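Visitor: I am attaching a structure below and will ask some questions about it afterwards.
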Amino acid sequence: MKLTSGTKTIINALNAHGYEGYAVGGFVRNVLLNIPVSDVDVTTSATPDEMLEVFKDFKVYKTGLKHGTLTVSACGENIEVTTYRIDGGYQDGRHPDSVTFVTSLEEDLKRRDFTVNAMATSGDEVIDLYGGQDDLKNKLIRAVGNPDVRFQEDALRILRALRFASVLGFEIEEQTAISIERNKHLLKNVSVERIFQELNKLLLGKGVENVLLKYSSVIFEIIPELKACSGFLQNSVYHAYDVYTHTAKSVAYSSGDRIVRWALLLHDIEKPSTYTQDEKGGHFYTHQAKGAETSIKVLKRLKADNKLITTCYDLIKLHDIKTEITRPEMKKLLCKYGYETIDLLCKVKLGDALSHAEPYATLRKETVERFSALATSVEKSGECYTLKMLNVNGNDLKARGYKGENIKEKLNFLLNEVIFERVKNQKEELLKLI
Ligand code: ATP
Ligand code: MG
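According to my numbering, the sequence shown is numbered sequentially starting from 159.
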């Protein structure tokens with residue numbers, strides 16, 4: 159297996175001092191899959207003190223030294239080098255109580271989560287003690303050792319199994335899957351920060367639909383508010399699926415943007431609670447506004463970043479707005495929410511449209527595309543749709559004797575006139591108008 163030059167340099171340095179060194183985990187997995195490698199992890203028989211000696215002429219970062227990790231810079235790469243170790247128990251399900259350094263590669267590989275993540279190489283052959291290569295070929299995520307024991311040690315591995323299945327487009331091996339179902343309640347002991355990180359990656363995977371649907375019970379462990387959507391029928395000609403299936407499909411059919419995918423995961427979360435029925439079928443009046451509120455609650459609990467929370471709120475609130483709108487109406491939207499959010503809204507609407515029943519999926523897709531083209535056209539044209547773009551400002555009005563609230567009111571009036579093309583965005587014309 160071909161190593162990066164930085165990895166080779168590091169392993170050579172370790173070997174020169176009489177220590178073992180192997181590239182391990184995600185690097186080996188991704189090279190065997192022929193997909194890009196994000197970062198290289200090296201595992202070594204050298205203890206932290208011995209590593210400091212080996213790498214004394216390298217630039218190093220001692221951030222993880224307590225856990226045996228030294229980040230070493232070589233050939234422009236930052237590589238995490240970690241002493242062979244096993245993790246002590248996870249009493250709190252969050253942090254290993256302790257780490258114990260060990261002397262053999264075999265022991266180090268044994269503590270790793272999945273067979274496809276438990277392979278190592280020094281550049282020659284691949285050391286594969288648990289059948290990782292077979293599982294890669296068969297596209298399977300399988301726990302190393304007894305899955306119950308492994309998930310009970312660290313329940314985050316349950317979500318990591320889902321994450322790797324989603325990102326790699328793999329299935330989860332049967333015994334591992336059964337164990338996930340049996341142990342999913344342990345996720346409540348895992349810190350939300352770790353959960354949120356894995357969920358972000360899971361949502362972006364190419365196998366996300368399959369994972370959200372097959373392992374919905376795990377998702378509901380983390381987001382119980384979604385549970386009522388499962389199997390909830392919509393009684394509508396527009397829909398072919400229950401709310402949760404539609405949700406999972408909408409996530410999968412959308413572009414690979416994190417915010418868009420979160421918004422779609424939560425966009426119909428209040429459909430069950432707002433359901434009403436008449437002779438025309440099922441309705442979900444106000445599920446958009448209510449869903450937006452609930453998304454705040456869910457995302458805050460997951461300690462999501464503010465940008466995600468506030469943008470999801472807008473996107474969910476707006477996800478059903480009319481797409482057949484005029485240019486001035488689009489300008490009003492852009493003024494209120496900004497182009498970035500409206501662009502994301504187009505992506506949300508597209509994922510949502512595509513997971514409707516035919517022919518509505520195709521029809522809606524077309525109107526969303528027109529809506530999107532209109533937004534882009536306004537944005538590119540440089541036409542005025544915000545106060546900032548208006549060719550009159552507060553000072554101009556102050557100079558004409560306007561004060562305080564009155565200034566704001568007049569500026570908004572002028573902006574509205576410009577947006578509806580009743581006056582040109584020219585200073586003199588605008589001033590004439592007031
Ligand atoms: P990515 O491409 O996302 O970085 P990765 O496989 O490198 O994938 P990391 O989370 O960076 O994943 O972890 C590096 C390696 O450490 C894994 O491949 C696995 O061998 C091991 N590992 C990480 N987290 C755990 C865990 N919770 N339990 C057991 N082993 C783990
Ligand atoms: Mg990694």
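For each residue, glycine too, the CB sits at the ideal point set by N, CA and C.
Remember, it's a predicted structure, so these values are computed and weren't measured experimentally.
Could you tell me if Thr341 is buried or exposed, where buried requires 16 or more neighbouring beta carbons within 10 angstroms of its beta carbon?
Guide: It is Asn, not Thr, that sits at residue 341 in the sequence shown. It is buried - the Cβ of Asn341 has at least 16 other Cβ atoms within 10 Å.
Visitor: For Ile244 and Asn192, I'd like the C-alpha separation in whole angstroms.
Guide: Spanning the two alpha carbons is a distance of roughly 29 Å.
Visitor: By DSSP's criteria, Ser231 is part of a beta bridge. Which residues make up the other side?
Guide: In the DSSP output, where bridge partners are listed per residue, Ser231 has Lys217, Asn236.
Visitor: Could you give the DSSP three-state label for Gly290: helix, strand or coil?
Guide: Helix at Gly290.
Visitor: Along the chain, where does the beta strand (DSSP E) containing His441 start, and where does it finish?
Guide: Run containing His441: 439 to 441, per the beta strand (DSSP E) assignment.
Visitor: In terms of alpha-carbon separation, which member of Gly290, Leu263, Leu545, Gly222 lies closest to Gly184?
Guide: Among Gly290, Leu263, Leu545, Gly222, the Cα nearest to that of Gly184 is on Gly290.
Visitor: Is the closest heavy atom of the ligand MG to the C-beta of Asp245 under 7 Å?
Guide: For the ligand MG, not one heavy atom lies less than 7 Å from the Cβ of Asp245.
Visitor: Which residues have a Cβ closer than 7 Å to any heavy atom of the ligand MG, listed in chain order?
Guide: Listed by chain position, these are Gly183, Gly184, Ser196, Asp197, Asp199.
Visitor: Among Asn347, Ile474, Glu331, Glu367, which has the Cα closest to the Cα of Asp293?
Guide: Nearest option by C-alpha distance: Glu331.
Visitor: Please name the residue, chosen from His175, Glu383, Phe578, that lies closest to Ser431 on a Cα-to-Cα basis.
Guide: Ranking His175, Glu383, Phe578 by Cα distance to Ser431 puts Glu383 first.
Visitor: State yes or no: is the C-beta of Leu103 nearer than 7 Å to some heavy atom of the ligand ATP?
Guide: In the structure as shown, the chain starts at 159 and stops at 592, and residue 103 therefore has no counterpart that could be examined.
Visitor: Going by alpha carbons, who is nearest to Thr227 out of Ser539, Gly234, Ser203?
Guide: Out of Ser539, Gly234, Ser203, Ser203 has the C-alpha closest to the C-alpha of Thr227.
Visitor: Write down the C-beta distance between Leu422 and Ser412 rounded to the nearest angstrom, noting that I regard them as a contact closer than 8 Å.
Guide: Indeed they touch by this definition, with Cβ atoms about 6 Å apart.
Visitor: When every heavy atom of the ligand ATP is checked, does at least one fall within less than 7 Å of the C-beta of Ala515?
Guide: Checking the Cβ of Ala515 against the ligand ATP gives no.
Visitor: So who's on the other strand from Phe322, going by DSSP bridges?
Guide: Paired residue(s): none; Phe322 is not in a bridge.
Visitor: Any heavy atom of the ligand ATP closer than 7 Å to the Cβ of Asp271?
Guide: True, at least one ligand heavy atom lies under 7 Å from that Cβ.
Visitor: Do you know offhand how far Tyr543's Cα is from Asp472's?
Guide: One C-alpha to the other measures close to 19 Å.
Visitor: Run the CB neighbour count on Gly540, radius 10 Å, all protein chains shown included, and call it buried at 16 or more, exposed below.
Guide: By the 10 Å Cβ count, Gly540 comes out exposed.
Visitor: Mind the definition here: the segment 212 to 220 touches the segment 302 to 313 only if three or more C-beta pairs lie below 8 Å; say whether that holds.
Guide: Contact between the segment 212 to 220 and the segment 302 to 313 is absent, because fewer than three Cβ pairs lie under 8 Å.
Visitor: Judging by CA-CA distance, which residue of Ala174, Ile169, Thr205, Val189 is the nearest neighbour of Ala232?
Guide: Checked all of Ala174, Ile169, Thr205, Val189; the closest Cα to Ala232 is Ile169.
Visitor: Using only alpha-carbon positions, find the residue among Ser394, Lys490, Val550, Leu460 that is nearest to Leu345.
Guide: It is Leu460 whose Cα lies nearest to the Cα of Leu345.
Visitor: Closest to Leu545 by C-alpha separation, out of Leu532, Phe529, Leu588, would be which residue?
Guide: For Leu545, the nearest C-alpha among the options comes from Leu588.
Visitor: With Val200 and Glu235 assumed to form a contact (beta carbons below 8 Å), what rounded beta-carbon distance in angstroms separates them?
Guide: 11 Å between Cβ atoms; not a contact.
Visitor: Less than 6 Å between C-beta atoms, sequence neighbours within five positions excluded: which residues of the same chain meet that for Val182?
Guide: Within the same chain, Val182 has close Cβ partners Asp199, Thr201, Ala278.
Visitor: Residue range of the beta strand (DSSP E) that Met277 falls in?
Guide: Met277 -> beta strand (DSSP E) spans 277 to 279.
Visitor: Just to confirm before moving on: does the CB-CB distance between Val348 and Ala313 stay below 8 Å?
Guide: Yes.
Visitor: So, for Tyr402: in the same chain, excluding its five sequence neighbours on each side, which residues have a beta-carbon less than 6 Å away from its beta-carbon?
Guide: Correct list, in chain order: Cys387, Ser388.
Visitor: Just list the alpha helix (DSSP H) runs in the segment 497 to 573, keeping only unbroken ones of 4 residues or longer that don't cross its boundaries, in chain order.
Guide: For the segment 497 to 573, whole alpha helix (DSSP H) runs of length 4 or above, ordered along the chain, are 497 to 512, 518 to 539, 552 to 556.
Visitor: Based on Cα-Cα distance, which residue from Lys364, Thr229, Lys407 lies nearest to Gly512?
Guide: Looking at the sequence shown, residue 512 is not Gly but Leu. That would be Lys407, whose Cα lies nearest to the Cα of Leu512.
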